[in-house]
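There are 2 protein chains.
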Amino acid sequence: MDVDTPVASGTRYMREVNTAAVLTELRRCTGTSVTELARATGLSRQAVTRSISGLEEGGLVELLAPQRPGRRTGRPPQVVRFRAEAGHVLGLALTPEELRVVAADLGGTVVAEETAPLTGTDGAHLARTLTATVTATLDSAGLTPDQVWHACLGAPGIVDRHTQQIRFTASMPHIAGDLLLRTLGSCLPCPVHLDNDVKLATEGERRRAGHDRHEGPMVLVQWGERVGAGIVVFDRLYRGASNDAGDLGFLDLCVEDPGTGQADADAQGLGAFEAWVGTTRLTSLVRETAERRGDHTLARSLQEGDRGMDTAAEALHRGDPAATEALEEITRRFAKGLGAVRALLDPEVVVIGGPMARCGEHLLTALNAHLQQQRLDPPRLELAALEEDAIVRGALHHALAEVERGALALPPTARLFS
Amino acid sequence: MDVDTPVASGTRYMREVNTAAVLTELRRCTGTSVTELARATGLSRQAVTRSISGLEEGGLVELLAPQRPGRRTGRPPQVVRFRAEAGHVLGLALTPEELRVVAADLGGTVVAEETAPLTGTDGAHLARTLTATVTATLDSAGLTPDQVWHACLGAPGIVDRHTQQIRFTASMPHIAGDLLLRTLGSCLPCPVHLDNDVKLATEGERRRAGHDRHEGPMVLVQWGERVGAGIVVFDRLYRGASNDAGDLGFLDLCVEDPGTGQADADAQGLGAFEAWVGTTRLTSLVRETAERRGDHTLARSLQEGDRGMDTAAEALHRGDPAATEALEEITRRFAKGLGAVRALLDPEVVVIGGPMARCGEHLLTALNAHLQQQRLDPPRLELAALEEDAIVRGALHHALAEVERGALALPPTARLFS
DNA sequence: CACAATTAGTTCCGTACAGTACATAACTAA
DNA sequence: TTAGTTATGTACTGTACGGAACTAATTGTG
């Protein structure tokens, strides 16, 4: 992907660049006047007007009747509005339990949303559900397939960056290959992009309110039975050489407590770190601590894995001493992992997501206390806000970014419509 | 650093874009004809000619008399040459032992080089040496200070990105603050940039032959008494939120061997990992092993720290069993650190530099063997090629990049001095 | 109700840049 | 000497921008 230097072959190039600038500014604050846009972009009023007329012909922009002026004197400005409804994108999230489809306009406003429960591992059935849910979403938003400009689907497993084939999925073996791509391709005439769910969740979480204008490097840790992380640097999702960056679960720093059952972990394909701090380990810890303290009720009520998390989190929230003690231990361990993240990546903020985030502020407090003990200044910690929606939001975001890059002329690739 | 969208306010913008394109192409292969440039850039011949005349006025380019043609027919082309000598940059590297100053032209060709030995921690003396060495370098190249367009100095310690103040330097306490900046500012009328030595060494190593067109993520580990790393992702040096990314030395995963003398390490400002795998530790290991094996000659000949490294490396190269055994142990430890790098960053290649690199291929072989034991596919390992020159090359490189970005006022997408 | 004041948008013109087409220059080989 | 080939130079056209001047719409005031 080498970027060859841009060339201005013809004055038309200027129009493209300027149209892009105007559109970017217009999207930043829609509903401004021509004069205001001129001031903001640094262009002359005429240049802005010319760009606006081009955009108007393309349907991306419309001029509204002069509004009631807030000013006391002068001719009221003609208000220019970005027509977010000019195009739409689809974001999809696939998990073993359900399929989620969200349609949004070019402004990112969600206009329709459908969820279908999933069971079994029948590829053909999944394909039918996918087609039906996409169609239902479009119908519910009153859209035809050709009004969708881009679609992006997040699925578990490793997605090949180039061929878009799904290479490996432990939890959903039937989606390997190009099943999803083919199915979506047959019901949508627009480009379709497949990506890893954790990666998209990172994008989604990053763009939530508050992080929207965030510039610094960020790490989003998905902390559940497994532990993985998405890394955002230079305002982009970093994937690593083999699309495996942020594989926190395979950190090897837990040499204490060697009786963790490395063999078990290996059998399940778990890494050393996730076996040591994952939710399975937390529930075990809570159970052991509770037994030791004689609280057999709590010990018995704990199921395995992520489901047991809810029970543990509940116990924690009501101040149960066994749960608190277990959290203390698990956060001590996790803080060592965060120490490695800090040392190598030095992120500005670490966002904790996944089932473990249900422990809430307790988690942050305990982690912060442990991080204070370390010799490097720790990053800021935050809790993830989106939970289930993260993947679908990230998918929407990716789709919108693709539209921006391709259809809406953005600076380097300055082109207006195809 | 928010990049506001470029705007073409005035047709001059096109000229700038096209001039940048021409200059980029010209730098890629200097000594081509106008027609060839037109073909390469996609511009018309006239556009190229116009850009060339502008560059010629600025002195950045010159037209050579028609050469003896290689072709058999046709009018010989007018050859255009990039005048690398039109401007110069200075790269400086400061270590506790010496100061190195290199002057290069805009093509990156070194035109003068001076080295001054350093001792003690007297700020005023250092300042005098700095001024004298810079002056000597300029004299030896026949340059006046105003012919230098940019200077960049690499020094140990944390450099504040914005104020350019050196905040902390264990090995050179007297350079804290703005001493270096003030001194350089008073003898050079051009912009001066200060940066961390490891970061600059990374840039230097990255641009060496072979890596020049390298696209993938890369980590350069400086392995000496201290251990630090530079990280290159998205083809850029990654610094982290507090300019401290890649601080491998402070990794905390060496819970075995707790008698390492953490107190000592703390006193010297060393991190846990570097105390565990640094060259000081290696020489101790070699000494202990040699003693145990009864080789008192080798044990006695080992000095402390980086100087002892030479003796150790020598012993290793002649196949000394004690040195080999010590290397085996130290690489086992280091491989754990590389495991963390792999898990979090997933680099395509890890380059090993610093004094430890003197162990040569032995080092790579031992490390690779240990990495094979880990559960994630290891990155490729390479030895650094530049050694001492890395910092100064990186500094030169940074200076050239700054010239490209600032002095020539070119669009950020254009890369002239890659 | 006319008219100044104010702010917004539009028209016209000059300048600058790139591309196309054609003319000219330089050189080789027959 | 002449034809062929390649590179350069010049004239002309189309498009885009900015500035000045002009028109439009609204409010307040005598």
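Heads up: the protein sequence lines correspond to chains G and P, in order.
The opening position of the first sequence corresponds to residue 0 in numbering that gives the first Met the number 0, with each subsequent residue numbered one higher.
The opening position of the second sequence corresponds to residue 0 in numbering that gives the first Met the number 0, with each subsequent residue numbered one higher.
Positions of the beta carbon are idealized from the N, C-alpha and C atoms, including for glycine.
Just so it is clear, the structure is predicted and the values come from calculations on it, not from any experiment.
Per-residue burial, residue i [other beta carbons within 10 Å of its own, 16 or more giving buried]
i	result
P:A240	buried
G:C189	buried
P:D194	buried
G:G30	exposed
G:R27	exposed
G:A321	buried
G:F167	exposed
G:H192	buried
G:H397	buried
G:F333	buried
G:E214	exposed
P:R280	buried
G:R205	buried
P:A408	Residue placement at P:A408 is flagged as unreliable, the pLDDT there being 49, under the threshold of 50; the coordinate-derived value follows with that caveat. The residue in question, P:A408, is exposed, as its Cβ has fewer than 16 Cβ neighbours within 10 Å.
G:G277	buried
G:S417	Here the model assigns G:S417 a pLDDT of 20, short of 50, so the residue's position is not dependable and the matter cannot be decided.
G:R317	exposed
G:A325	buried
G:G488	Any answer about residue 488 of chain G is impossible in this case: the structure gives chain G only from 0 up to 417.
P:A123	exposed
P:R160	exposed
P:T136	buried
G:T108	exposed
Expected contact under 8 Å - CB spacing of residue i and residue j to nearest Å
i	j	result
P:L430	P:V88	One cannot answer for residue 430 of chain P here, as it falls past the ends of chain P, which runs 0 to 417.
G:L62	G:E55	7 Å
P:L343	G:A339	7 Å
P:A131	P:A102	So it is not a contact: roughly 15 Å between Cβ atoms.
P:V6	G:L42	6 Å
P:S50	P:R14	7 Å
G:P76	G:T34	6 Å
P:I351	P:L375	Rounded, the Cβ-Cβ distance is 19 Å, inconsistent with contact.
P:L418	P:G153	Residue 418 of chain P is absent from the model: chain P starts at 0 and stops at 417.
G:R187	G:A126	Rather than Arg, the amino acid found at residue 187 of chain G in this sequence is Leu. Between G:A126 and G:L187 the Cβ distance is about 13 Å, and since that is not below 8 Å, they are no contact.
Beta carbon of residue i nearer than 7 Å to that of residue j
i	j	result
G:G248	G:I230	no
G:V100	G:L93	no
G:V348	G:M217	yes
G:L59	G:A83	no
G:E313	G:L284	no
P:V402	P:H149	yes
P:Q221	P:V197	yes
G:R225	G:E273	yes
G:V232	P:Y12	no
P:L219	P:G336	no
P:A20	G:T143	no
P:G268	P:A169	yes
G:G223	G:P354	yes
P:E97	P:T114	yes
P:L315	P:H369	no
P:G203	P:G393	yes
G:L301	G:R286	yes
Any non-hydrogen atom of the ligand FMN closer than 6 Å to residue i Cβ
i	result
G:R291	You won't find the ligand FMN in this model; it holds no ligand whatsoever.
Scan the segment 17 to 31 of chain P for residues whose Cβ lies nearer than 8 Å to a Cβ of chain G and list them as they occur along the chain.
-> If the cut-off is 8 Å between Cβ atoms, the segment 17 to 31 of chain P has N17, A19, A20, T23, E24 near chain G.
Could you give the uninterrupted runs of the beta strand (DSSP E) lying entirely in the segment 79 to 147 of chain G, keeping only those of 3 residues or more?
-> 87 to 93, 97 to 104, 109 to 116
Contact list for the segment 182 to 208 of chain G against chain P, Cβ threshold 9 Å | none
Unbroken stretches of the alpha helix (DSSP H), 4 residues or longer, contained in the segment 298 to 366 of chain G = 304 to 316, 320 to 344
Closer than 8 Å, Cβ to Cβ, to anything on chain G: give me those residues from the segment 229 to 240 of chain P, in chain order.
-> Of all residues in the segment 229 to 240 of chain P, I230, V232, F233, R235, Y237, R238, G239, A240 have a Cβ within less than 8 Å of some Cβ in chain G.
Which runs of the beta strand (DSSP E) spanning at least 3 residues fall entirely within the segment 167 to 215 of chain P, listed in chain order?
-> 191 to 195
Taking a cut of 9 Å between CB atoms, which residues from the segment 3 to 17 of chain G lie near chain P?
-> D3, T4, P5, V6, A7, S8, G9, T10, Y12, M13, R14, E15, V16, N17
Using a Cβ cut-off of 9 Å, which residues of the segment 312 to 345 of chain P contact any Cβ in chain G, in chain order?
-> Listed by position, the residues of the segment 312 to 345 of chain P near chain G (Cβ gap below 9 Å) are K335, G338, A339, V340, R341, A342, L343, L344, D345.
Residues of the segment 357 to 376 of chain G with Cβ closer than 8 Å to any Cβ of chain P, in chain order = Q373, R374, L375, D376
Uninterrupted alpha helix (DSSP H) stretches inside the segment 6 to 42 of chain G (no shorter than 4 residues) | 11 to 27, 33 to 40
Got a sec: which bits of the segment 30 to 52 of chain G sit with their beta carbon under 9 Å from any beta carbon on chain P, in order along the chain?
-> T40, G41, L42, S43, A46
Residues of the segment 165 to 176 of chain G whose Cβ lies closer than 9 Å to any Cβ of chain P, in chain order = none
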